[in-house]
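**Student:** Numbering (our numbering), first residue to last: 350 to 1049.
Next comes the structure, spelled out in structure tokens:
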């Protein structure tokens, strides 16, 4: 089994549960030398973008510092991170990086769920990338950040958190196999996922037990309970204090020690420690709450020798390593019954479970543990260690993961959109047969003589040769523009059957595009403004995707914006689905490649919008009719921004035309009303944001 793991935490750069998971995975492969492991980890401590380190003959650690990439400022930190992971995966999977020769072809790629770090790689693979298309992709659901944010009382609709959550949910739906350490997490996530999960399984996280410690002496004095986790609301710190306070108010003087770093608490607008110290000042003053701060695990383990129990009162926790570590050391533990630990431990035998939302339930569990006799305490500790040994044995984990990967298939004929099939309109599309070309490129032309040669030249460089160009002269008034048309066939070596020129009275770009589409003969259709450019690979890749997926109506790509001075920015577009696409344009509407019959029936542009947002409205119209599109996650299209363009000179039309769009598609906006209201309340109207991976510029 040759595995590539992608993670945003790896020791010693980062701690926490995911970091411990990766430490266990590394140790597992160290003991299975006939198998290989490549680890791709974020590290902000390295000087460059990329650094390799061989940990063993069969294990390589590749650290990536996404903050060294210029993409982060343009598309957002986590979209940029996902992009960097995808680029390096493609590079090394192409054999150019040498990993194939040293470690062999990967049996699978695995991504942690957090921040959607697998988003670009999965999208790239599904867009038929030749180097990745046959390699299964696994996502392990540790606990997605959007779910944590919701538990932690943080706004989940504010950009970029909203987009990170969207990426996380889609990755879990679009991967070839989803692994969760607990069924509890899958049950919690199902209401958030609007369609069925892919092939999935539950495999408890691996944990190699440390050697058994010395038996406690007969006169040991237990004197506290403790929590070892970050100070956050969802970790249940406040819930634990409320439960303990019932005991303290009854005269019990057992203190609560808290280990972990402080964090920001959104409801109070300050640190969570400050909030707790203010809310429970009496107990801090009396020494009943002792905040120890961030401490090494070895220090906590030493102090835990005199602890009645480790308290893990999370509102929900998937499969916390801090519990496995304490249970594996034979300690008595108290945990919330809503989490995944209940699937491997028995209440009152190997662990004490309580309802952390009920202070009385917490207090009762602590009280029972405090009163345990030595023999009973030893029995619970022994049972706890046995439970971890049975369910978290690394070799059992390795065998289960290997067996699961063997069942995965990368073959798909339908693209995994986020919406359920009953919303997606037509499930498949017929192919237009006949003698026409594979692709028709429609170019509206109005006094664009300065740029048209460059635009046509970019089409001529396309790897897809079987295409026609339909140029619709929309009543150009400039003599130079008209003269330019006379020599187009000669200058580009194109006959009138390949470059077809139509002259129509001036009616605007929407009418010109619709006219050209109506005269197109190709199986597929694309629109291209007379001043924009396309990559040689774009049309070939887009049409191949439309051939492959029966439920995809159109294909786009990422964008490079440029002007007369050169490159401006990178724009990461996203699959065209509601609700985000109907409030902020996330597709390159100017150059989408459509199924021709779909565009004719559903996607024609509205001249009433007076050349402003008409292309976006065309996409919204497609979505309203259940016709969805996907974006190739590479910049295969160059969008020219001119200082005198309509977008720059008539921005007052934005609000007016968006009102028209929402009115035309009222049923679509009504369906997503609650989600859109929450999004707009968090981010403001859509002139405050353009890139989903970056924050809104709205100031509150």
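Heads up, the beta-carbon is just placed ideally off N, CA and C, and yes, glycines get one too.
Run through the DSSP bridge pairs and tell me what residue 608 is partnered with.
**Tutor:** DSSP output for residue 608 lists 577 and 642 as bridge partner(s).
**Student:** Could you give the residue range of the alpha helix (DSSP H) that holds residue 835?
**Tutor:** Residue 835 -> alpha helix (DSSP H) spans 828-835.
**Student:** To the nearest angstrom, how far is it from the Cα of residue 642 to the Cα of residue 756?
**Tutor:** Going from the Cα of residue 642 to the Cα of residue 756 covers about 45 Å.
**Student:** Label residue 814 either buried or exposed according to how many other C-beta atoms from any shown protein chain fall within 10 Å of its C-beta, with 16 as the threshold for buried.
**Tutor:** By the neighbour-count rule (16 or more Cβ atoms within 10 Å), residue 814 is not buried but exposed.
**Student:** Closest by CA to residue 958, which one among 608, 368 and 1005?
**Tutor:** Of 608, 368 and 1005, the residue nearest in Cα terms is 1005.
**Student:** Note down the Cα distance separating residue 911 from residue 1014, rounded to an integer number of angstroms.
**Tutor:** For residue 911 and residue 1014, the distance between alpha carbons rounds to 32 Å.
**Student:** Can you name the start and end residues of the alpha helix (DSSP H) that residue 622 belongs to?
**Tutor:** First-last of the alpha helix (DSSP H) with residue 622: 621-628.
**Student:** Check the C-beta distance from residue 621 over to residue 580 and give it rounded, since I have them as a contact under 8 Å.
**Tutor:** With 8 Å as the limit, residue 621 and residue 580 qualify as a contact, their Cβ atoms being about 5 Å apart.
**Student:** Can you list, in chain order, the residues of its chain whose CB lies under 6 Å from that of residue 425, leaving out five sequence neighbours each side?
**Tutor:** Excluding positions up to five away in sequence, the list reads 509, 1042 and 1043.
**Student:** Which ranges would you report for the beta strand (DSSP E) in the stretch 448-514 if only whole runs of at least 3 residues count?
**Tutor:** You should have 457-461 and 486-489.
**Student:** Over what stretch of residues does the beta strand (DSSP E) that includes residue 980 continue unbroken?
**Tutor:** 978-989 is the span of the beta strand (DSSP E), which, as asked, contains residue 980.
**Student:** In terms of alpha-carbon separation, which member of 390, 801, 418 and 967 lies closest to residue 862?
**Tutor:** Minimum Cα distance to residue 862 is reached at 967.
**Student:** Out of curiosity, what's the CA-to-CA distance linking residue 350 and residue 1008?
**Tutor:** Cα to Cα, the separation comes out at about 55 Å.
**Student:** Alpha carbons only, please: which of 482, 411, 824 and 942 is nearest the one belonging to residue 851?
**Tutor:** Looking at the Cα atoms, 824 is the closest of the given residues.
**Student:** Got a sec? Which residues, its chain only, sit under 6 Å from residue 535 by beta carbon, not counting five neighbours each side?
**Tutor:** Excluding residues within five positions, the ones whose Cβ falls inside 6 Å are 529.
**Student:** Are the beta-carbon atoms of residue 736 and residue 693 separated by less than 7 Å?
**Tutor:** It is a contact, given that the beta carbons lie within the stated cut-off.
**Student:** Please confirm whether residue 865 and residue 904 have their CB atoms less than 7 Å apart.
**Tutor:** No, these two residues do not count as a Cβ contact at 7 Å.
**Student:** Can you give me the start and stop residues for the beta strand (DSSP E) that residue 822 sits inside?
**Tutor:** 816-823 is the extent of the beta strand (DSSP E) around residue 822.
**Student:** Which value, in whole angstroms, describes the spacing of the CA atoms of residue 411 and residue 402?
**Tutor:** Their Cα atoms are separated by approximately 6 Å.
**Student:** Please state the DSSP three-state secondary structure of residue 708.
**Tutor:** In the structure shown, residue 708 sits in a helix (DSSP, three-state: H, G or I).
**Student:** Within a Cβ cutoff of 7 Å, which residues of the same chain sit near residue 550, ignoring the five residues on either side of it in sequence?
**Tutor:** These residues qualify, in order along the chain: 528 and 753.
**Student:** Between the alpha carbons of residue 393 and residue 415, how many angstroms are there, rounded?
**Tutor:** Distance between the alpha carbons of residue 393 and residue 415 is about 8 Å.
**Student:** Output yes or no for whether 7 Å exceeds the beta carbon distance between residue 1035 and residue 947.
**Tutor:** Cβ distance not < 7 Å, so residue 1035 and residue 947 don't count as in contact.
**Student:** Using a Cβ distance threshold of 8 Å, determine whether the stretch 830-845 contacts the stretch 869-879, with at least three qualifying pairs required.
**Tutor:** No, they do not touch.
**Student:** Among 760, 432 and 922, whose alpha-carbon lies nearest the alpha-carbon of residue 965?
**Tutor:** Comparing Cα-Cα distances from residue 965 to each of 760, 432 and 922, the minimum goes to 922.
**Student:** Give, in chain order, every unbroken run of the beta strand (DSSP E) that is at least 3 residues long and sits entirely within the stretch 855-883.
**Tutor:** List check, beta strand (DSSP E) in window: 873-876.
**Student:** Whole angstroms are fine: how far does the CA of residue 961 sit from the CA of residue 884?
**Tutor:** C-alpha separation (whole angstroms): 25 Å.
**Student:** If you reduce the DSSP assignment to three classes, tell me which class residue 400 lands in.
**Tutor:** DSSP places residue 400 in strand when its eight states are reduced to three.
**Student:** Taking all protein chains shown into account, do 16 or more other C-beta atoms lie within 10 angstroms of the C-beta of residue 771, making it buried, or fewer, making it exposed?
**Tutor:** Because residue 771 sits at a pLDDT of 46, beneath the cut-off of 50, its placement in the model cannot be relied upon, and the point is left open.
**Student:** Just list the beta strand (DSSP E) runs in the stretch 646-679, keeping only unbroken ones of 3 residues or longer that don't cross its boundaries, in chain order.
**Tutor:** Fully enclosed beta strand (DSSP E) runs of 3 or longer: 656-661.
**Student:** What is the rounded straight-line gap between the Cα of residue 633 and the Cα of residue 495?
**Tutor:** If I take the Cα positions, the gap works out to 32 Å.
**Student:** Is it right to say residue 501 is buried, meaning 16 or more other beta carbons lie within 10 angstroms of its own, or is it exposed?
**Tutor:** Residue 501 is buried by the Cβ-count criterion.
**Student:** Determine the burial state of residue 380: buried for a count of at least 16 other Cβ atoms within 10 Å of its Cβ, exposed for fewer.
**Tutor:** So residue 380 counts as exposed.
**Student:** State the CB to CB distance for the pair residue 343 and residue 377, rounded to an integer number of angstroms; the pair is presumed to be in contact (CB under 8 Å).
**Tutor:** This structure cannot speak to residue 343, because the chain is shown only from 350 to 1049.
**Student:** So, at 6 Å on beta carbons, what are the nonlocal neighbours of residue 917 in its own chain, with the 5 sequence-adjacent residues on each side left out?
**Tutor:** Hits under 6 Å: 910 and 911.
**Student:** Which residues in the same chain as residue 657 place their Cβ atom closer than 6 Å to its Cβ, once the five residues preceding and following it in sequence are excluded?
**Tutor:** These residues qualify, in order along the chain: 571, 574, 718 and 719.
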